[in-house]
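Here's the structure, in structure tokens; my notes come after.
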Amino acid sequence: MITCSKCSRRAVIFQRHANRHLCKRHFIEDFERRVKLAVKKYDMIQKGDRIAIALSGGKDSVTLAFVLNKLYGFRSDLEFFAITIDEGIAGYRPPTVEIARKVTEQLGMEHLVVSFEENFGMTLDEMVKRGDKKPCTYCGVFRKYLLNRTAREMGATKLATGHNLDDETQTILLNFLNADMERMARLVPQRVQEGLVVRIKPFRYVYEKEVVVYGFLHELPMDFDECPYSHFPVRAAVRDFLYDFENKYPGRKFSVMSSFEKLIPCLKEIYPQIDLNRCERCGEPTPRRICQACKLLEELRGVD
Ligand code: SF4
Ligand SMILES: [Zn+2]
Ligand SMILES: [Zn+2]
């Protein structure tokens with residue numbers, strides 16, 4: 000039996016980055032410590048916050064809802080609720096919407112399901128058939144739009160997402176490889192802007208594998224199905240590279256994150272967050288005259 004490096008109990012995980020085995024208790028303690036560290040470092044949660052959790056029903060967001068509820072749910076000065084966006088992807092989304100319903104019921108957390116169909120008159124599957132853009136373009140734009148609008152209308156001051164260290168380091172490296180510093184600057188924590196709910200990522204210091212282990216240890220429902228539209232060859236190559244590199248040189252994902260954090264002051268200076276307008280059609284915040292969602296909708300509705 001492999002034992003914990005901190006006590007004599009059976010180990011449940013080997014943390015390569017720290018070169019140690021941890022038992023259930025010590026792993027949970029360490030995982031929660033790093034969530035609290037990220038929350039504190041970025042001042043993600045403040046007194047009086049009403050926090051919307053973007054809950055797709057996948058493993059990351061389910062674990063996020065559970066952890067936030069465990070670590071902060073007892074505080075009477077905070078409120079949490081969950082938003083699930085049903086894009087309308089047959090066979091893939093319905094089971095995770097069900098998981099989201101079950102989890103929020105168990106946590107006693109307010110939960111809203113908001114669908115593309117109700118709001119835009121068509122599902123993502125229909126959009127893909129009608130339009131000429133990639134599925135993820137429609138999905139990304141409309142999901143962000145609905146998440147922000149719903150969170151704001153429900154009085155949220157923050158919007159929490161389940162992005163973990165693996166997701167974040169992949170995005171950072173991808174932006175470097177594409178020389179897209181403007182997009183990189185969008186990863187910098189935002190300042191408060193009218194109409195835009197501030198996003199927070201409490202899992203930025205925990206590995207994807209740790210999120211899964213934490214979820215399993217708490218018997219949370221874990222969905223590993225992949226979206227049928229998922230096709231990101233470049234991101235997959237970056238993910239595989241980071242995985243191999245981390246295997247050979249443990250802890251490098253933290254180094255990538257740390258390098259990015261050192262760049263934050265420069266990124267803020269070179270790419271200051273621009274003041275947003277109100278979309279002339281729908282009134283939602285946008286850097287342009289007409290927001291991306293309204294533009295895409297116009298294209299989709301114009302196609303017969
Ligand atoms: S992979 Fe699927 S869920 Fe993810 S953005 Fe693309 S269409 Fe949406
Ligand atoms: Zn232990
Ligand atoms: Zn608009």
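Read in order, the letters of the sequence shown are residues 0 to 303 in numbering that gives the first Met the number 0. Don't be surprised by glycine CBs; every beta carbon is placed ideally from N, CA and C. All values derive from a computational prediction rather than experimental measurement.
Among the options, the one whose alpha carbon lies nearest that of residue i
| i | options | result |
| --- | --- | --- |
| residue 301 | 31, 94, 129 | 129 |
| residue 344 | 211, 226, 225 | Limits of the chain in this structure are 0 at one end and 303 at the other, which puts residue 344 out of reach. |
| residue 138 | 50, 121, 187 | 121 |
| residue 71 | 142, 35, 206 | 35 |
| residue 68 | 44, 86, 260, 84 | 44 |
| residue 214 | 116, 64, 107 | 64 |
| residue 46 | 207, 156, 278 | 156 |
| residue 74 | 48, 180, 116 | 48 |
| residue 50 | 104, 177, 200 | 200 |
| residue 204 | 165, 179, 234 | 165 |
| residue 53 | 80, 32, 38 | 80 |
| residue 100 | 264, 56, 245 | 56 |
| residue 108 | 28, 86, 89, 61 | 61 |
| residue 244 | 10, 15, 2 | 15 |
| residue 163 | 58, 191, 2 | 58 |
| residue 33 | 76, 282, 268, 209 | 209 |
| residue 38 | 125, 2, 198 | 198 |
| residue 286 | 176, 293, 273 | 273 |
| residue 299 | 111, 11, 119 | 119 |
| residue 66 | 95, 76, 241, 27 | 27 |
| residue 315 | 257, 216, 255 | Outside the displayed span of the chain (0 to 303) sits residue 315, for which this structure offers no information. |
Boundaries (first-last residue) of the beta strand (DSSP E) holding residue i
| i | result |
| --- | --- |
| residue 111 | 109-114 |
| residue 82 | 78-85 |
| residue 158 | 157-159 |
| residue 198 | 197-199 |
| residue 10 | 10-14 |
Terminal residues of the alpha helix (DSSP H) in which residue i lies
| i | result |
| --- | --- |
| residue 165 | 164-176 |
| residue 265 | 251-269 |
| residue 53 | Segment 49-53 is the beta strand (DSSP E) holding residue 53; no alpha helix (DSSP H) there. |
| residue 293 | 291-301 |
| residue 240 | 232-247 |
| residue 20 | That residue, residue 20, is in no alpha helix (DSSP H); its beta strand (DSSP E) goes 19-22. |
| residue 215 | 207-216 |
| residue 64 | 58-71 |
| residue 184 | 180-184 |
Whole-number beta carbon distance between residue j and residue i, since they are thought to touch under 8 Å
| i | j | result |
| --- | --- | --- |
| residue 161 | residue 202 | 6 Å |
| residue 145 | residue 196 | Not confirmed; about 12 Å, so no contact. |
| residue 237 | residue 169 | 5 Å |
| residue 4 | residue 21 | 7 Å |
| residue 253 | residue 171 | Not really, about 12 Å apart at Cβ, beyond 8 Å. |
| residue 296 | residue 194 | Contact doesn't hold; Cβ gap of about 19 Å is too wide. |
| residue 153 | residue 266 | Rounded, the Cβ-Cβ distance is 31 Å, inconsistent with contact. |
| residue 188 | residue 41 | 6 Å |
| residue 135 | residue 228 | 6 Å |
| residue 123 | residue 115 | 6 Å |
| residue 277 | residue 289 | No, residue 277 and residue 289 are not in contact; Cβ-Cβ is about 11 Å, not under 8 Å. |
| residue 113 | residue 84 | 6 Å |
| residue 224 | residue 98 | 11 Å between Cβ atoms; not a contact. |
| residue 173 | residue 102 | Between residue 102 and residue 173 the Cβ distance is about 30 Å, and since that is not below 8 Å, they are no contact. |
| residue 181 | residue 270 | 6 Å |
C-beta neighbour in chain D for residue i, strict 8 Å
| i | result |
| --- | --- |
| residue 300 | The question asks about chain D, but that chain is absent: this structure has only one protein chain. |
Contact set, ligand 2 heavy atom to C-beta under 7 Å: 3, 5, 6, 8, 21, 22, 24, 25
4 or more residues per run - each alpha helix (DSSP H) lying fully within the segment 100-151
115-119, 123-129
Mind listing, in chain order, the residues whose beta carbon lies closer than 5 Å to a non-hydrogen atom of ligand 1?
134, 135, 138, 226, 228, 229
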